[in-house]
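Note that the working numbering gives residue 131 to position 100 of the sequence shown, counting from 1, and the numbers run on in steps of one.
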Amino acid sequence: MTHDLSFSEHINNIVFKAHQRANAILCCFVSRNITLLLRAYLVYVRPLLEYNSTIWSPHYKYDTDAVERVQRLFTKRLPPIHALITLAYVIMAPTPPLSAQR
32 MTHDLSFSEH
42 INNIVFKAHQ
52 RANAILCCFV
62 SRNITLLLRA
72 YLVYVRPLLE
82 YNSTIWSPHY
92 KYDTDAVERV
102 QRLFTKRLPP
112 IHALITLAYV
122 IMAPTPPLSA
132 QR
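Below, the structure written as C-alpha cells:
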C-alpha cells in the first residue's frame, strides 16, 4: 500500500508473479494438452490472483486491466486458441473472468 492508500504497487507485484508462473507453466510443460495447461493455470496462477482480492480489489481501470491481462495472455498462448480472434477464445475459454470472482 502506498502513501495515498492505493494498492497499485501490491497489484503490480502480484501481476508480475502471476506472469512468471504462467510463463513457467507454458515453458516447462512438455504436453500441449489444453485441459492440462488450464488445470495448471487454475492450480498455480489463479490462487495468486484471487488471494485476498476482496481487500485489494482493484478499482482503477489500469489495475483491473493488469490483473485480467494475465489470464488473457495465458489463454492466447494456448496452442489451438492462438490463431483465433479475441472474441472467439474468450467464449471457448472455460475460466470466467477474474472480475467475476470478486
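All C-beta atoms, glycine included, are put in the ideal place defined by N, C-alpha and C.
None of these values were measured; they are calculated from a predicted model.
As assigned by DSSP and simplified to three states, the class of isoleucine 65: The three-state secondary structure of isoleucine 65, taken from DSSP, is helix.
Cβ-based burial, arginine 77 [other Cβ within 10 Å; buried from 16]: buried
The region 88-97 touching the region 54-71, judged by at least three CB pairs closer than 8 Å: no
Cutoff 8 Å: serine 39 Cβ touching any chain C Cβ: Although the question refers to chain C, the structure presented lacks it and comprises just one protein chain.
Opening and closing residue of the alpha helix (DSSP H) in which serine 39 lies: 39-59
Nearest to glutamine 107 (by Cα), restricted to the options Ala53, Phe38, Asn43: With the sequence shown as reference, residue 107 is identified as lysine, and glutamine is not the correct amino acid for it. Ranking the options by Cα distance to lysine 107, first place goes to Ala53.
Collapsed DSSP secondary structure at arginine 77 in the structure displayed: helix
Close beta carbons around isoleucine 45, own chain, < 7 Å, minus the five adjacent residues each side: Leu79, Leu80
Closer than 7 Å: aspartate 35 CB and nearest the ligand MN heavy atom: For the ligand MN, the structure offers nothing, since it holds no ligand at all.
Residue environment, tyrosine 72, which counts as buried when at least 16 other CB atoms sit within 10 Å: buried
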